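Sequence order for the protein chains is A and B. Counting with the working numbering, you get residues 6 to 286 for the letters of the first sequence. Counting with the working numbering, you get residues 31 to 185 for the letters of the second sequence. Glycine residues also receive a C-beta, built at the ideal position from the N, C-alpha and C atoms. The model shown is predicted, which means the values in this text are computed figures rather than measured ones. Report on the following structure.
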Amino acid sequence: MTKKAISLGILALAVGAGSGAYAGPDDDSLVINDELEMVTETAAPAHMEGIDTIYSGWRFRTDETQSLQLDDFDNPAMLTVDQAIDAYSEVDGSENESCASCHGDVESFAGLSAAMPKVKDGNLVTLEDEINNCRSTRMGAEEWKWSGQDMQGMVALIGLQSRGMPVDVAIDGDAAPFWEKGKEIYYTRYGQLELSCASCHEENYGNMIRADHLSQGQINGFPTYRLKQARLISRHNRFRGCIRDTRAHTFAEGSDEFRALELYVLSRSNGLSVETPAVRQ
Amino acid sequence: MKTTSLIVASVLAAGMASADAPAPTDVVFEDGAVAASLTGTPGNAAEGRKIMNKGAGNCIACHAVSDLAELAFHGEIGPGLDGVGDRWSEPELRGIVANAKNMFPDTVMPSFYKTEGFIRIGNGFTGKAAEGAVDPLLNAQQIEDVVAYLLTLKE
Numbered sequence: 006m007t008k009k010a011i012s013l014g015i016l017a018l019a020v021g022a023g024s025g026a027y028a029g030p031d032d033d034s035l036v037i038n039d040e041l042e043m044v045t046e047t048a049a050p051a052h053m054e055g056i057d058t059i060y061s062g063w064r065f066r067t068d069e070t071q072s073l074q075l076d077d078f079d080n081p082a083m084l085t086v087d088q089a090i091d092a093y094s095e096v097d098g099s100e101n102e103s104c105a106s107c108h109g110d111v112e113s114f115a116g117l118s119a120a121m122p123k124v125k126d127g128n129l130v131t132l133e134d135e136i137n138n139c140r141s142t143r144m145g146a147e148e149w150k151w152s153g154q155d156m157q158g159m160v161a162l163i164g165l166q167s168r169g170m171p172v173d174v175a176i177d178g179d180a181a182p183f184w185e186k187g188k189e190i191y192y193t194r195y196g197q198l199e200l201s202c203a204s205c206h207e208e209n210y211g212n213m214i215r216a217d218h219l220s221q222g223q224i225n226g227f228p229t230y231r232l233k234q235a236r237l238i239s240r241h242n243r244f245r246g247c248i249r250d251t252r253a254h255t256f257a258e259g260s261d262e263f264r265a266l267e268l269y270v271l272s273r274s275n276g277l278s279v280e281t282p283a284v285r286q
Numbered sequence: 031m032k033t034t035s036l037i038v039a040s041v042l043a044a045g046m047a048s049a050d051a052p053a054p055t056d057v058v059f060e061d062g063a064v065a066a067s068l069t070g071t072p073g074n075a076a077e078g079r080k081i082m083n084k085g086a087g088n089c090i091a092c093h094a095v096s097d098l099a100e101l102a103f104h105g106e107i108g109p110g111l112d113g114v115g116d117r118w119s120e121p122e123l124r125g126i127v128a129n130a131k132n133m134f135p136d137t138v139m140p141s142f143y144k145t146e147g148f149i150r151i152g153n154g155f156t157g158k159a160a161e162g163a164v165d166p167l168l169n170a171q172q173i174e175d176v177v178a179y180l181l182t183l184k185e
């Protein structure tokens, strides 16, 4: 008698806050440090067919979770960001270089994260790719692992320079074939549960799935600090978790599939503020 | 001796499925319904009630059921199931639980008695590729048990 046969459990999600009928995002507005007003709701970009209005995932969280993002002193992601500030000007590797020695002040990256990933020389390039490229070719340093805290701390620090700017990722020209591929992945019903990203985040956002209040699965807040995991979570790590929950064979972090999916999903956030580093349950 | 143990092994491998239940690929659907019991053994509503919860069918991830009020967090993805025993016949409920896509094309409800035609099927919730034959999410008797339970949900 196999144990497996009786262990479906659609999602390993369980524990969590809230109960009962929510339905939809709440009406709260997000102002960070009492001064930086974030767009958490706006008209969906023209390319989206199934949704009229896009919402930040922040609007679907409990007041308690939401409050952790109101002030940078309360935001648990900032510890990792502080470490990235140190790493930014630290020499590492054989070439006696640091990020700062080439890029100067980290503020020079303002705007970059709002428009990444983008195509360079025919390849779709994410911020993680850029960082590792600098580390290996310019610094002679070891590459960082995709979802490591050193990597995601740096992605968050660079993202922070664009916080409050609207996401504006390009989907035409060179980017078009990658975008199409990402879109196809978004709508494919993977795994034994045969669920696509759209099954949960387009058709059912606002609804409860067991104890979880489904958002639109936006990625303008990534890397996000996830309370359940107590660390910064990369976009690809979140994709992997969601696909795994459909009882599917997932793609790898850093795979071409997830690069394409990142471009597509981020294009669904076009118009929302860059919120990095966000805090989620 | 050898043959017997092989037979025993293959029966065990099929989990709790009864030996003469039709394979998922052989079940006959008519307008989304399945007329005949999958096992010939009457479903056990008490067992079915357990399967509704997490770790088994996890139906309440998506459906609210007043009779299961002692369990926290019922989902809102599908309709509430109160009164479902009045709305649907036994064959219809069997069809819906076995493979709801025959009754509701494109529904997000998973197909619980299905073993083929998946895209990138994994090994449970490990994220790795599945190896070998795929067990349906619920075996034939579990389907019958859930149907028996649903039939008790009358207004």
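Practice item. Give the DSSP bridge partners of A/Lys125, in chain order. Key: Locating residue 125 of chain A in the first sequence gives position 120, where the first residue counts as 1. DSSP lists A/Asn128 as partners of A/Lys125.
Check your understanding: What does B/Glu60 reach in chain A if we use C-beta pairs closer than 8 Å?
Key -> Here residue 60 of chain B corresponds to residue number 30 of the second sequence, with the count starting at 1. In chain order: nothing, as chain A lies at least about 22 Å away.
Point to revise | Proximity winner among B/Lys184, B/Leu183, B/Glu185 and B/Val177, relative to B/Glu77 (alpha-carbon distances) | key: Locating residue 77 of chain B in the second sequence gives position 47, where the first residue counts as 1. If we check each option's Cα against that of B/Glu77, B/Val177 comes out closest.
**Study point:** Test: B/Phe134 CB closer than 8 Å to a CB of chain A
**Key:** The count along the second sequence starts at 1 and reaches residue 134 of chain B at position 104. Chain A, which has no Cβ nearer than 8 Å to the Cβ of B/Phe134, makes this no.
Check your understanding: Helix, strand or coil: which one does DSSP assign to A/Ala48?
Key -> For the purposes of this step, residue 48 of chain A is taken as the residue at position 43 of the first sequence. If DSSP states are grouped into helix, strand and coil, A/Ala48 belongs with the strands.
Practice item. Can you say whether B/Ala51 is buried or exposed, counting buried as having 16 or more other CB atoms within 10 angstroms of its CB? Key: Within the second sequence, the letter at position 21 stands for residue 51 of chain B. Per the 10 Å Cβ criterion, buried.
Review point. Which residues mark the beginning and the end of the alpha helix (DSSP H) in which B/Tyr143 is found?
Key: By 1-based counting over the second sequence, the position of residue 143 of chain B is 113. Following the DSSP letters along the chain, one finds B/Tyr143 in no alpha helix (DSSP H), marked with neither H nor E.
Review point. Taking Cβ-Cβ distances shorter than 8 Å, what residues in chain A pair up with B/Leu181?
Key: Mapped onto the second sequence, residue 181 of chain B falls at position 151. What B/Leu181 touches in chain A: nothing, since even the nearest Cβ is about 21 Å away.
Check your understanding: Is any beta-carbon of chain B found at less than 8 Å from that of A/Arg285?
Key -> For the purposes of this step, residue 285 of chain A is identified with residue 280 of the first sequence, where counting begins at 1. Cβ-Cβ to chain B under 8 Å: no for A/Arg285.
Review point. For the segment 234-266 of chain A, which residues have a beta carbon sitting closer than 9 Å to at least one beta carbon of chain B?
Key: Arg245, Gly246, Ile248, Arg249, Asp250, Thr251, Arg252, Ala253, His254, Thr255 and Phe256
Point to revise | Beta-carbon proximity list for B/Leu168, same chain, < 8 Å, skipping 5 on both sides | key: Walking along the second sequence from the start, residue 168 of chain B turns up at place 138. Only Ile81, Ala86, Gly87, Val127, Phe142, Tyr143 and Val176 meet the Cβ criterion.
Exercise for review: Give me the Cα-Cα distance between A/Thr281 and B/Glu60, rounded to the nearest whole angstrom.
Suggested key: Locating residue 281 of chain A in the first sequence gives position 276, counting from the first residue. Locating residue 60 of chain B in the second sequence gives position 30, counting from the first residue. Going from the Cα of A/Thr281 to the Cα of B/Glu60 covers about 52 Å.
Exercise for review: State the Cα-Cα distance for the pair B/Ala94 and B/Ala130, rounded to the nearest angstrom.
Suggested key: Counting from 1 along the second sequence, the entry for residue 94 of chain B is found at position 64. Counting from 1 along the second sequence, the entry for residue 130 of chain B is found at position 100. Answer to the nearest angstrom: the Cα atoms are 17 Å apart.
Check your understanding: From A/Leu268 to A/Pro122, what distance separates their C-alpha atoms?
Key -> Translated into the one-based positions of the first sequence, residue 268 of chain A becomes position 263. Translated into the one-based positions of the first sequence, residue 122 of chain A becomes position 117. Distance between the alpha carbons of A/Leu268 and A/Pro122: 6 Å.
Practice item. Compare the Cα-Cα distances from A/Ser103 to each of A/Met144, A/Met159 and A/Leu219 and report the closest residue. Key: Stepping through the first sequence from its first residue, residue 103 of chain A is reached at position 98. The candidate whose alpha carbon is nearest that of A/Ser103 is A/Met144.
Exercise for review: Compare the C-alpha of A/Glu40 against each of A/Arg168, A/Val160 and A/Gln223 and name the closest.
Suggested key: Position 35 of the first sequence holds residue 40 of chain A. Among A/Arg168, A/Val160 and A/Gln223, the Cα nearest to that of A/Glu40 is on A/Arg168.
Point to revise | Residue-level contact to chain A via CB, B/Glu106, 8 Å cutoff | key: The residue labelled residue 106 of chain B in the question sits at position 76 within the second sequence. Yes, B/Glu106 lies at the interface with chain A (some Cβ there is under 8 Å from its Cβ).
Check your understanding: If A/Glu258 sits next to A/Ser239, beta carbons under 8 Å apart, how far is it from one beta carbon to the other, in whole angstroms?
Key -> Here residue 258 of chain A is taken as the residue at index 253 of the first sequence, counted from 1. Here residue 239 of chain A is taken as the residue at index 234 of the first sequence, counted from 1. Contact flag correct, Cβ pair sits at about 7 Å.
Exercise for review: Can you tell me the Cβ-Cβ gap for B/Glu185 and B/Asp116, rounded? I've got them flagged as a contact below 8 Å.
Suggested key: Position 155 of the second sequence, counted from the first residue, corresponds to residue 185 of chain B. Position 86 of the second sequence, counted from the first residue, corresponds to residue 116 of chain B. With 8 Å as the limit, B/Glu185 and B/Asp116 qualify as a contact, their Cβ atoms being about 6 Å apart.
**Study point:** Interface flag, A/Ile214 vs chain B, CB-CB below 8 Å
**Key:** As a first step, residue 214 of chain A is located in the first sequence; it is residue number 209 there, counting from the start. Taking Cβ atoms only, chain B reaches closer than 8 Å to A/Ile214, which makes this a yes.
Practice item. Answer yes or no: does any C-beta atom of chain B fall closer than 8 Å to that of A/Ser274? Key: The residue labelled residue 274 of chain A in the question sits at position 269 within the first sequence. Chain B, which has no Cβ nearer than 8 Å to the Cβ of A/Ser274, makes this no.
Practice item. Output the boundary residues of the alpha helix (DSSP H) element that contains B/Leu180. Key: Position 150 of the second sequence, counted from the first residue, corresponds to residue 180 of chain B. First-last of the alpha helix (DSSP H) with B/Leu180: Ala170 to Leu181.
Check your understanding: What span of residues does the alpha helix (DSSP H) with B/Ile126 cover, start to end?
Key -> As a position in the second sequence, residue 126 of chain B is number 96, starting the count at 1. DSSP places B/Ile126 inside the alpha helix (DSSP H), whose first and last residues are Glu120 to Asn129.
Point to revise | For A/Asp97, three-class secondary structure by DSSP | key: Indexing the first sequence from 1 puts residue 97 of chain A at position 92. Three-state DSSP puts A/Asp97 in coil, outside helix and strand.
Check your understanding: Assuming B/Pro201 and B/Val64 make a contact with CB atoms under 8 Å, what is their CB distance in whole Å?
Key -> Shown here, chain B extends from 31 to 185; a query on residue 201 of chain B therefore has no answer.
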